[in-house]
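Top to bottom, those sequences are chains A and B. First residue of the first sequence? That's 837 in my numbering, and the numbers climb one at a time after it. First residue of the second sequence? That's 9 in my numbering, and the numbers climb one at a time after it. All C-beta atoms in this analysis are idealised placements derived from N, C-alpha and C, irrespective of residue type, glycine included. All values reported here derive from a predicted model rather than from experimental measurement. A short worksheet on the structure shown next.
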Amino acid sequence: MSLEPVKVDDEINKAFHPSASSLVRLRYTVLAQLLIVSLIPLVALSWYFRRQFFATLEARSHALLGTTAAGHAETIDRLIASKVATLRSLAHSSVFQLPPSKPEINALLAILRDMDETILDIGVFDADGNHVRYAGPFEFLEGRSYRGEEWFRRVAAAESAVYISDIYLGYRGRPHFIIAVRTTAGGRSWYLRITINPDRFNDIVDNVRLVEGAHAFIVNRTGVFQSVPASIGTVLERAPLLPALDGAQGIREVRGAGGPYLVAWSSLREVDWKLIVRQEVAHAYGPARRTAAWVLVIVLTSLVFIVAASIYATRTLVRRYSRSERDRARLVEQLFQAGKLSTLGEMAAGMAHEINNPLAVIVAETGLMEDYLDPTLGPGFDRAEFLGHLKSIKEEAYRCREVTHKLLGFARRTESRIGEVDLNRLTDETVDLVNMEIALENIEIVIERSARPLIVMTDAGKVRQVLLNLVRNAADAIGKDGRITISILERRECAGLRVTDTGCGIPPEHQAKLFMPFFTTKAVGKGTGLGLSISHGIITSLGGRIGVSSRVGEGSAFLILLPRRFDPKAPPDAAAMEKELQAVLGSPAGRG
Amino acid sequence: MDRKIKLLFVDDEEKFLTSTTTRLEMRGLEVHAFSDGFAALAATEKLDLDVALLDLKMPGMDGEELLKKLKERFPQMEVVILTGHGSIESAVTTTQSGAYQYLQKPCELDALISVISRAYAKIIATRRASKTARIGELMARAPTLTPLALLEELKKIDSDE
Chain A
837 MSLEPVKVDD EINKAFHPSA SSLVRLRYTV LAQLLIVSLI PLVALSWYFR RQFFATLEAR
897 SHALLGTTAA GHAETIDRLI ASKVATLRSL AHSSVFQLPP SKPEINALLA ILRDMDETIL
957 DIGVFDADGN HVRYAGPFEF LEGRSYRGEE WFRRVAAAES AVYISDIYLG YRGRPHFIIA
1017 VRTTAGGRSW YLRITINPDR FNDIVDNVRL VEGAHAFIVN RTGVFQSVPA SIGTVLERAP
1077 LLPALDGAQG IREVRGAGGP YLVAWSSLRE VDWKLIVRQE VAHAYGPARR TAAWVLVIVL
1137 TSLVFIVAAS IYATRTLVRR YSRSERDRAR LVEQLFQAGK LSTLGEMAAG MAHEINNPLA
1197 VIVAETGLME DYLDPTLGPG FDRAEFLGHL KSIKEEAYRC REVTHKLLGF ARRTESRIGE
1257 VDLNRLTDET VDLVNMEIAL ENIEIVIERS ARPLIVMTDA GKVRQVLLNL VRNAADAIGK
1317 DGRITISILE RRECAGLRVT DTGCGIPPEH QAKLFMPFFT TKAVGKGTGL GLSISHGIIT
1377 SLGGRIGVSS RVGEGSAFLI LLPRRFDPKA PPDAAAMEKE LQAVLGSPAG RG
Chain B
9 MDRKIKLLFV DDEEKFLTST TTRLEMRGLE VHAFSDGFAA LAATEKLDLD VALLDLKMPG
69 MDGEELLKKL KERFPQMEVV ILTGHGSIES AVTTTQSGAY QYLQKPCELD ALISVISRAY
129 AKIIATRRAS KTARIGELMA RAPTLTPLAL LEELKKIDSD E
């Protein structure tokens, strides 16, 4: 029998095609997994490298600023040391007698200032602290007594005979600091002092532009500015935003009004001051932050691309999946149809008998009527006789029609449709069909109907196909003389059809293979081995279960369980159905 | 032919049985019709039948079984199968069981009568052959028999159908 292409209507597409909601669920699941797999490494890597980058950057900035501070402190130290050395060599030289004359000291200041423009003035003091000689802008200082001044007491007492003061105002009322040395001449102590112009000193100290946005200044041990650029403060003020300056060198980050600052410090050797280099963090990290911003842009762009690619890939995947599912459903449906056509073919052979017998009657009746009219044979026309024959011809013709109708009724129902089915009625129709085929094998078919009509939402055509297959199998198992009992079972969650026969039974080793395709014990040409596997496929596709219990020599019982309402979108719990199936099969009535 | 063909006709299809019986009788056959294999077999014992016309698919005893039993009890009887459920398998098995012909319903009455006639002709031929063989055998034994005994034997052979 050739298979015609089977038209698959929308209903069946819906039934066997994954529903829209499950496809949406699949799409989101796949998308989420794709995104998790691709984004987590990207984000983790970005975060890790960003952390590493900033840690390295911070270390580098700190090192750079610390080095700057140390280097600059060294420079300032050398500057001060050179002034001390100049003063000491002057004090011990024999260029002039102490105290020098006014012209001598003026000339000396000129020479000194020529060498070092930070030097403001110079003075000579006797052992009692009297300002004996002075050269510089503050002439009124000459002759004053410095006996009670801090610096004088210190340099007079100091071991090293050199003293460098902090910045102070002194008699002149202007900030300055001094370097004083003690010397001896003619058995008397003399003191030479130079004053350093803080403004010029500031310029030198702040002349550090090694690092962008950095400023250098000097504070004493109490945190008072000794040298400071005008943009930051003025000397003798307390320096703001200073961390605890522990140790000779260090670096800290401090928060201020203008944002966080990096503060590096380095102690001077010549004097108990600390050189501070302060840099705004924004300046320190600025270029790096720009790089980081670019990296962020690249990462975000990648994210967008990954998300877009994932969405596209998911959509393609789901579309292909859905297409292949549709193809699969179509193939399955074609297989079901093929099974049905094969059954139909087998039945057609058996049903020829059901057609040929009435045809034989019709031929015999008409022949007899001809014989009546044949003068050599019959007695001629007999009205009553003829009417009887015509009636029986008509009856036989109707018999033929009934057979073809039943057969076509089974063949025609190709469209799959879920609808309300009364299992009692469906069983009656099926038995009608089988009876035509097996009536003469002395097989009795008993239908055990449910107490009330058992209405199930399912595909009537398919269930009929399966039931027909089971009943025909049962008849084959019996051969001749036996009974087939079809029971319609009403269960709480589902409905059942049980076909019990008094046939040969199925050996245990065959029971496991029963529902496998192409498994058959029939002779070649008698069966395809597809009937039960197709039945299994059909029942499963309708959310039901099919099972068997059998004992060799006693018979077999096949059981179909169907959900009361089959909804392809929400298939019933297969495990629960299987449990129910085993429960019914295991019950004493379940066996043949 | 001064003797009617005696036909056993078994078919569960009553209407077919009666109308076909009538038609055959109209054509000079002696038809013994039964719709049941067991009844047919029981009646055959008393009737001296030539040809049997059997349906295959019947409730109770089917045609194949009846064929075997008839052939067993009346080896000379020729059996014609007339079935609505024709298949190569059943044709082969019935022929192997000794059926003379296998016909399928619906069948033209002339064809049916022709087959029955040929079956009957075969029976006649077989009977004659058997009679000739027996006479030949008797003549071979003749020297050992008394003339009276020989005459008796010949009469017996002649009267046997």
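Distance, B:Glu97 Cα to A:Ala1188 Cα: Position 352 of the first sequence, counted from the start, is the residue given in the question as residue 1188 of chain A. Position 89 of the second sequence, counted from the start, is the residue given in the question as residue 97 of chain B. Answer to the nearest angstrom: the Cα atoms are 15 Å apart.
Straight-line gap, B:Ser27 to B:Lys130 (C-alpha atoms, nearest Å): For the purposes of this step, residue 27 of chain B is identified with residue 19 of the second sequence, where counting begins at 1. For the purposes of this step, residue 130 of chain B is identified with residue 122 of the second sequence, where counting begins at 1. Each residue's Cα considered, the two are about 27 Å apart.
Neighbour flag for B:Met34 against chain A, beta carbons, 8 Å: Here residue 34 of chain B refers to the residue found at position 26 of the second sequence. Among the CB atoms of chain A, one or more fall inside 8 Å of the CB of B:Met34.
Within-8 Å CB hit, B:Glu21 to chain A: Translated into the one-based positions of the second sequence, residue 21 of chain B becomes position 13. Output row for B:Glu21: interface = yes.
A:Val1143 beta carbon less than 8 Å from that of A:Leu862: Within the first sequence, residue 862 of chain A is the residue found at index 26, counting from 1. Within the first sequence, residue 1143 of chain A is the residue found at index 307, counting from 1. Contact: no.
Cα-Cα separation between A:Gly1023 and A:Pro1034, rounded to whole angstroms: For the purposes of this step, residue 1023 of chain A is taken as residue 187 along the first sequence, with counting starting at 1. For the purposes of this step, residue 1034 of chain A is taken as residue 198 along the first sequence, with counting starting at 1. As the crow flies, the alpha-carbon of A:Gly1023 is around 35 Å from that of A:Pro1034.
Nonlocal neighbours in the same chain, by C-beta distance under 6 Å from A:Ala909, ignoring five residues either side: Translated into positions along the first sequence, residue 909 of chain A becomes position 73. Excluding residues within five positions, the ones whose Cβ falls inside 6 Å are Ser1102, Leu1104 and Leu1111.
DSSP-derived helix/strand/coil call for B:Lys139: As a working note, residue 139 of chain B is residue 131 in the second sequence. Here B:Lys139 sits in helix by DSSP.
Closer than 8 Å at the beta carbon, the chain B residues around A:Ala1188: For the purposes of this step, residue 1188 of chain A is taken as the residue at position 352 of the first sequence. What A:Ala1188 touches in chain B: Gly92, His93 and Gly94.
Length of the line joining the Cα atoms of A:Thr911 and A:Ser1025: The count along the first sequence starts at 1 and reaches residue 911 of chain A at position 75. The count along the first sequence starts at 1 and reaches residue 1025 of chain A at position 189. Distance between the alpha carbons of A:Thr911 and A:Ser1025: 32 Å.
Same chain only: Cβ atoms within 7 Å of A:Ala927, ignoring 5 sequence neighbours per side: On the first sequence, residue 927 of chain A is found 91 positions in, with the first residue counted as 1. So the list reads Val1017, Thr1019 and Leu1028, once near-sequence residues are dropped.
CB contact below 8 Å: B:Leu117 versus chain A: Position 109 of the second sequence, counting from 1, holds the residue named residue 117 of chain B. Closer than 8 Å: yes.
Chain B contact for A:Ser1228 (CB, 8 Å cutoff): To locate residue 1228 of chain A, count along the first sequence from 1; it is residue 392. Chain B contact via Cβ: present.
Closer than 8 Å at the beta carbon, the chain B residues around A:Glu1201: Counting from one through the first sequence, the residue named residue 1201 of chain A turns up at place 365. Correct list: Lys23 and Ser27.
In DSSP terms, what A:Phe1053 is bridged to: Taking the first residue of the first sequence as position 1, residue 1053 of chain A is located at position 217. The secondary-structure analysis by DSSP pairs A:Phe1053 across a beta bridge with A:Ile1112.
Beta strand (DSSP E) runs wholly inside the region 982–1044 of chain A, at least 3 long, in chain order: 998–1000, 1013–1021 and 1024–1032
Unbroken beta strand (DSSP E) run spanning B:Arg35, endpoints: Locating residue 35 of chain B in the second sequence gives position 27, where the first residue counts as 1. Here B:Arg35 belongs to no beta strand (DSSP E), and DSSP marks it neither H nor E.
Distance between beta carbons of A:Glu1265 and A:Ala1311, contact taken as under 8 Å: Reading the first sequence from its first residue, position 475 is the one you call residue 1311 of chain A. Reading the first sequence from its first residue, position 429 is the one you call residue 1265 of chain A. About 16 Å separates the CB atoms of A:Ala1311 and A:Glu1265; that is not less than 8 Å, and the two are not in contact.
6 Å Cβ shell around A:Ile1342 - same chain, five flanking residues per side excluded: Within the first sequence, residue 1342 of chain A is the residue found at index 506, counting from 1. So the qualifying residues of the chain are Ser1386 and Ser1392.
Candidates B:Phe82, B:Tyr108, B:Pro83 and B:Lys113: closest to B:Ser95 by CA position: To locate residue 95 of chain B, count along the second sequence from 1; it is residue 87. For B:Ser95, the nearest C-alpha among the options comes from B:Lys113.
Three-pair Cβ contact test at 8 Å for the region 1405–1425 of chain A versus the region 1315–1329 of chain A: Between the region 1405–1425 of chain A and the region 1315–1329 of chain A there are three or more C-beta pairs closer than 8 Å, enough to call the two in contact.
DSSP-derived helix/strand/coil call for A:Glu1190: Taking the first sequence and counting its residues from 1, the one referred to as residue 1190 of chain A is at position 354. A:Glu1190: helix per DSSP, three-state reduction.
Per-residue burial, B:Ser138 [other beta carbons within 10 Å of its own, 16 or more giving buried]: Counting from one through the second sequence, the residue named residue 138 of chain B turns up at place 130. It counts as exposed.
Segments of 3+ residues assigned as beta strand (DSSP E) that fall wholly inside the region 1320–1379 of chain A: DSSP runs (the beta strand (DSSP E)) wholly in the region 1320–1379 of chain A: 1330–1337.
Below-8 Å beta-carbon distance, B:Lys12 vs any chain A residue: Residue 12 of chain B sits at position 4 when you count from the first residue of the second sequence. No, B:Lys12 does not count as interfacial toward chain A.
Residue(s) in a DSSP beta bridge with A:Pro1399: Within the first sequence, the letter at position 563 stands for residue 1399 of chain A. Answer by DSSP bridge pairing, in chain order: A:Cys1330.
Beta carbon proximity, B:Thr103 to chain A, threshold 8 Å: Here residue 103 of chain B is taken as the residue at index 95 of the second sequence, counted from 1. No, no contact with chain A.
Contacting positions in the region 1211–1236 of chain A - beta carbon closer than 8 Å to chain B: For the region 1211–1236 of chain A, which is checked against every Cβ of chain B, the residues closer than 8 Å are Leu1213, Gly1214, His1225, Ser1228 and Glu1232.
Partner residues on chain B for A:Leu1204, Cβ-Cβ distance less than 7 Å: One-based indexing of the first sequence puts residue 1204 of chain A at position 368. Per Cβ cutoff of 7 Å: Ser27, Thr30 and Arg31.
Contact set between A:Leu1195 and chain B, taken where Cβ atoms lie within less than 9 Å: Along the first sequence, one-based indexing puts residue 1195 of chain A at 359. Those within 9 Å of A:Leu1195 in chain B are Gly92, Lys113 and Pro114.
Residues near A:Ile1147 in its chain [Cβ-Cβ closer than 7 Å; skip 5 each side]: Numbered from its first residue, the first sequence carries residue 1147 of chain A at position 311. Excluding residues within five positions, the ones whose Cβ falls inside 7 Å are Leu867.
Local Cβ density within 10 Å of B:Gln104, reported as buried at 16 or more and exposed below that: Walking along the second sequence from the start, residue 104 of chain B turns up at place 96. Exposed, by the Cβ-count rule.
Helix, strand or coil at A:Asn849 [DSSP, three-state]: Along the first sequence, read from residue 1 onward, the residue named residue 849 of chain A stands at position 13. Its pLDDT being 42, under 50, A:Asn849 is placed unreliably by the model, and the measurement read from it follows with that caveat. Reduced to three states, the DSSP call for A:Asn849 is helix.
Contact list for B:Pro151 against chain A, beta-carbon separation under 9 Å: Counted from its first residue, the second sequence places residue 151 of chain B at position 143. Under the 9 Å cutoff, chain A gives no residues; its nearest Cβ is about 55 Å from B:Pro151.
Residue from A:Gly1083, A:Ala1084, A:Ile1068 and A:Leu1081 with nearest C-alpha to A:Glu1116: Translated into positions along the first sequence, residue 1116 of chain A becomes position 280. The shortest Cα separation from A:Glu1116 among A:Gly1083, A:Ala1084, A:Ile1068 and A:Leu1081 belongs to A:Ile1068.
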